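Visitor:
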Amino acid sequence: MTDIKAQPFPFPLQREAVALIVIDMQRDFAEPGGFGASLGNDVSRITKIIPDVKRLIAGFRLAGLPVIHTMECHRPDLSDLPPAKRDRGNPSLRIGDLGPMGRILIAGEPGTAILPELAPIDGEIIIEKPGKGAFYATGLGDILKGKGIKQLVFAGVTTEVCVQTTMREANDRGYECLLAEEATESYFPEFKAAAIAMIRAQGAIVGWTAHIDDILEAINHA
Ligand code: C5J
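Read in order, the letters of the sequence shown correspond to residues 0 to 221 in numbering that gives the first Met the number 0.
(1) Can you have a look at Leu178 and say buried or exposed, based on whether 16 or more other CB atoms are within 10 angstroms of its CB?
(2) If you run the structure through DSSP and keep just helix, strand and coil, what is His220?
(3) Touch check for the segment 147 to 154 and the segment 84 to 102: three-plus C-beta pairs under 8 Å?
(4) Tell me Val66's beta-bridge partners as DSSP assigns them.
(5) Can you tell me the Cα-Cα spacing of Thr69 and Glu184, whole angstroms?
(6) Would you decide whether Asn201 is buried or exposed? Buried here means 16 or more other CB atoms lie within 10 Å of its CB.
(7) Report the rounded CA-to-CA distance for Phe10 versus Gly98, giving the unit in angstroms.
(8) What residue range is occupied by the uninterrupted alpha helix (DSSP H) comprising Ile124?
(9) Pick out whichever of Ala203, Thr157, Ala217 has its Cα sitting closest to the Cα of Glu189.
(10) Go ahead and pull the three-state DSSP assignment for Asp76.
(11) Is it a yes or a no for the segment 15 to 23 touching the segment 53 to 62, going by three-plus beta-carbon pairs under 8 Å?
(12) In or out: Ala29 buried (at least 16 other Cβ within 10 Å) or exposed?
(13) The ligand SAH and Phe28: does any heavy atom of the ligand fall closer than 7 Å to the residue's C-beta?
(14) Would you identify the three-state DSSP class for Pro99, choosing helix, strand or coil?
(15) Should Thr137 be counted as a contact of the ligand C5J given a C-beta to heavy atom distance under 7 Å?
(16) Beta-carbon within less than 7 Å of Met166's beta-carbon, same chain only, minus the 5 sequence neighbours each way: which residues are those?
(17) How many angstroms separate the CA atom of Leu104 from the CA atom of Asp121?
(18) Taking 8 Å as the cut-off, decide whether the C-beta atoms of Asp79 and Ala136 are in contact.
(19) Would you mind giving the Cβ-Cβ distance between Gly138 and Asp23, rounded to the nearest angstrom? I have them listed as a contact below 8 Å.
(20) Just list the residues that DSSP pairs Gln25 with in beta bridges.
(21) Between which two residues does the alpha helix (DSSP H) harbouring Thr46 extend?
(22) So, Arg102 versus Arg93, is the Cβ gap smaller than 8 Å?
(23) If we ignore side chains and look at the alpha-carbon of each, how far apart do Ile125 and Pro119 end up?
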């Protein structure tokens, strides 16, 4: 067994049971005119991590390890969008409204797509999720069980919302979780820092955090 250099202590990698999960690297969170921008956020913070996320994905592909992608999106009839989600904030465009990249966060619309630089390749799993956590109302749990996955390496956006929520869901379901620090981002730098600190506090209460180089070195040598 090879450990990944990580905080708060080395991550005990099980190479045969690990997958990368890339959370919501969608145009709607990263491009002007999308959902993130409609909430008043600086989306350039998200586009800056694209090369790092790409490098991490490439490393997993090269090592022959599974890559899973998630997309936050809703049905066109909005039947999976509760008012408690649609009515939050004071955005210029709400989920389901028509924006410059199509309807905001609706399955199949151009803005909902994964960024082209990070697009899934044939054979990779894509999870469409209506919630912040990727286990809620999706088949992710069954898919992971079917593939014998026990450890998840996390990348994507935003650190303190969909990434952290999914890590917590995964940890409660018995998965060992590791967050790739350079491959995740928030619209709020202080929230990214706080989420990282929370995740690895108290002896990795939610999971571990590590640098991409250390993750790639370990998966290539395990
Ligand atoms: C948000 C996400 N922030 N993917 N979604 O609404 O984190």
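Built from N, CA and C at the ideal position, the CB exists for glycine as well.
Owing to the predicted nature of the structure, the values given are computational and were not obtained by experimental measurement.
Guide: Looking at the atomic coordinates:
(1) buried
(2) Taken through DSSP and simplified to helix, strand or coil, His220 comes out as helix.
(3) The segment 147 to 154 is not in contact with the segment 84 to 102.
(4) Leu19
(5) 15 Å
(6) The question names Asn, yet the displayed sequence has Gln at residue 201. The residue in question, Gln201, is exposed, as its Cβ has fewer than 16 Cβ neighbours within 10 Å.
(7) Their backbone Cα atoms lie some 43 Å apart in a straight line.
(8) Per DSSP, Ile124 belongs to no alpha helix (DSSP H); it is in the beta strand (DSSP E), 124 to 128.
(9) Thr157
(10) coil
(11) yes
(12) buried
(13) The model depicted lacks the ligand SAH and carries the ligand C5J instead.
(14) strand
(15) The ligand C5J has no heavy atom closer than 7 Å to the beta-carbon of Thr137.
(16) For Met166, where only same-chain residues beyond five positions count, the Cβ hits under 7 Å are Phe153, Cys176, Leu178, Ile198, Val205, Gly206.
(17) One C-alpha to the other measures close to 23 Å.
(18) yes
(19) Not a contact, Cβ separation roughly 17 Å.
(20) Ile113
(21) 43 to 46
(22) Going by beta carbons, Arg102 and Arg93 fall outside the 8 Å limit.
(23) 8 Å
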